[in-house]
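With the UniProt record's numbering, you'll find the sequence shown wraps up at 483, consecutive numbering, no jumps.
Note that CB positions come from ideal geometry on N, CA and C, so glycine has one too.
One structure is given here, and the rest of the page talks about it.
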Amino acid sequence: MSLAAVQSSRSLQKTQIQPFIGIDYCQLETACQINGLQNKHNLHTTDEAHDLFMNAYPNIFLKPKMKLPRIPFKEKKIVISKGMSDVTEEDSHDIRIHLEKLQRRRKVVDLAFVYRNQISCLLKILKKIPAERTQTEQQDVYKVLKVFPDIAAQISNREMKQVSKIVILESWEKRHTIFGNNGFYVILKGSVRPVTLPYKKLLGEPYLAGTHSPLVSSCNKVLTVGCCFGTLEKIPNCELNSKRLAVIAEEDCELLKISNRDYARIKAEIAARDPVQNQELILHCPFYQQWPRLSINKLATLIEMRKLPAGYVLVKEGEVSPFAGYIKSGQSNILRDIGAFVKRPLGKLGIRVKHVIICKLTENESFGEVSILLNQPSTCTIVTETEVELGVILPSALQSLDSVTQALILQTAQPIFAELTQEEINKKYLSQEKQKEWEHFKHKVIWEALHYNGIRPGSGKWVRPWGRRKLQRGGNVSQSSTL
């Protein structure tokens, strides 16, 4: 056997061993058109043609592509309890997994639906001028403003209540330029494209003049419904028609606007109103009515307003007061502890500590100043009876006052019922216990009388008991027998 035949047989064996998925007919046609192969015009194949055909022969067969090594992707698995194996969300046949996915999608859809409803209601309200809006509509605007995170992060609740009364609605046509340096805008309908970066500035963030670089034409930044732009404070050395914080309307838009001038005015009014309210709160207290204005201003700057619920312990007996308080609204009880004899099981007597209501603290009254300045424990306990709003001065702030103001407080303010004797406290306790006994006895007698006549409170009609019906039936029978 010749060398060429041996090579051809080996190549044929290799092609038969290697797997293939098809035949490339283009390569086959090219191999058959090699010059020198045997045909009707050429009786014998030349050696050169044979070698070329055998080299091109393996390329006729289509081979599978080689898969390169890769990092295996870890699919998310959900562990199902009660001993079941780990399964993926896609391959699992557990209905619970698919129900959870469906619920998550429904929540997203529901939130979007609620968001659209809130914005549609807001648009109806803002179409009215601020003077024509009712108090309920202003409250609705306040609730929707709290939904936008950029507004809630900048404005406090107290300021937002005032801002909700002055927000306005602006409508812009397509391709108009909106300047954001004169207010803070929220997109309620349509979309806009920023002209410069940055397109918004939040309170407390610095604004550098070199950062407002123009956007390139390839930028696809588009602000849609719910997005914000502009600023709540004026930018220094910035004209009204400046391109800073400006946007272009991509379509007809409706925007909620908070003017930075109106916001600055509201902020100044709230800041000026606080000291005035604190001064009036101190002046209404009987101990401070003759004070000079300078000393009252010093105390007014230290006051912090708080709201405390009913049942809150303001001061504990035997401890230094935690703060000096000036009550603006609400009512509190002043209590004293007393040891009283009470009956115990098996007829034994024992001593139990009870609270006696000495008096009540109402509006325009104060407490705790003397206890803090003299570092003396309080002689009574103060507990709020209703919700109380009061001004508070902390001990550190009260002790940091000058000696003249401290001496003035000690001269005018007085300890709360420090002059009460034990005999007076006992008399108050006896009178309170008698009042409790009388209330209990009165309630018992009234209840028994109503229950005897068959009255059920809250039923709205008379209901006779079974015993009375039996008596009536017996009486009728006796009358008929006598007849």
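query, result
"Straight-line Cα distance separating L283 from T303", "Sequence check: residue 303 is Ile here, not Thr. Each residue's alpha carbon lies about 13 angstroms from the other."
"At least 3 beta-carbon pairs within less than 8 angstroms: the segment 316-333 vs the segment 392-400", "yes"
"L111 (DSSP reduced to helix, strand or coil)", "Confidence at L111 is low in this model, with a pLDDT of 44, below 50, so the placement of that residue should be treated as unreliable; the coordinate-derived value is given next. Residue state, collapsed to three classes: helix."
"Buried/exposed call for N181, threshold 16 Cβ in 10 Å", "buried"
"DSSP beta-bridge partners of M305", "G391"
"Where T362 sits in the DSSP three-state scheme", "coil"
"Beta-carbon proximity check, L255 vs Y185, cutoff 8 angstroms", "yes"
"Outcome for A246 when other beta-carbon atoms lying within 10 angstroms are tallied against a minimum of 16", "buried"
"Pair within 8 angstroms by beta-carbon distance, G226 and G183", "no"
"Boundaries of the alpha helix (DSSP H) in which Y142 is found, first to last residue", "Q135 to L145"
"Segment contact flag, the segment 291-298 with the segment 248-263, C-beta cutoff 8 angstroms, min 3 pairs", "no"
"Pairwise C-alpha distance: K63 and H44", "32 angstroms"
"Segment contact, 8 angstroms Cβ cut-off, at least three pairs: the segment 121-136 with the segment 164-174", "yes"
"Proximity below 8 angstroms, CB of A249 to CB of H176", "yes"
"Residue interval of the beta strand (DSSP E) (run including R193)", "V192 to P194"
"Sequence-distant residues of its chain with Cβ nearer than 8 angstroms to D24 (five each side left out)", "N59, I60, F61 and L62"
"CA-to-CA distance, W172 to T134, given in whole angstroms", "26 angstroms"
"T384: first and last residue of the uninterrupted beta strand (DSSP E) it sits in", "T381 to T384"
"Rounded distance between the beta-carbons of L223 and I258, thought under 8 angstroms", "Actually they do not touch by this definition, with Cβ atoms about 16 angstroms apart."
"Given N35 as reference, the closest of S378, C26, L28 and T46 once Cα atoms are compared", "T46"
"Candidates C285, F287 and K328, of which the one nearest M305 by Cα", "K328"
"Alpha-carbon to alpha-carbon, L314 and Q399", "19 angstroms"
"V163 beta carbon less than 8 angstroms from that of I266", "yes"
"Length of the line joining the Cα atoms of S366 and Y142", "35 angstroms"
"Rounded C-alpha distance that separates L123 from L99", "36 angstroms"
"Inter-residue spacing [alpha-carbon to alpha-carbon] between K444 and Y288", "48 angstroms"
"Nearest residue (CA-CA) to G318, options L232, N117, N375 and K360", "N375"
"Where the alpha helix (DSSP H) containing K161 begins and where it ends", "N157 to V163"
"Continuous alpha helix (DSSP H) stretch holding K328: start and end", "K328 -> not in any alpha helix (DSSP H); beta strand (DSSP E) instead, spanning A324 to S329."
"Inter-residue Cα distance where the pair is N333 and W447", "30 angstroms"
"DSSP beta-bridge partners of A268", "Its beta-bridge partners do not exist; DSSP assigns none."
"Cβ-based neighbour list, F53, same chain, cut-off 7 angstroms, excluding 5 preceding and 5 following", "A31, I34 and L37"
"C-alpha gap between E369 and S191, whole angstroms", "59 angstroms"
"Outcome for V276 when other beta-carbon atoms lying within 10 angstroms are tallied against a minimum of 16", "exposed"
"C-beta atoms of Q432 and V383 nearer than 8 angstroms", "no"
"Alpha carbon of K200 to alpha carbon of L299, nearest angstrom", "40 angstroms"
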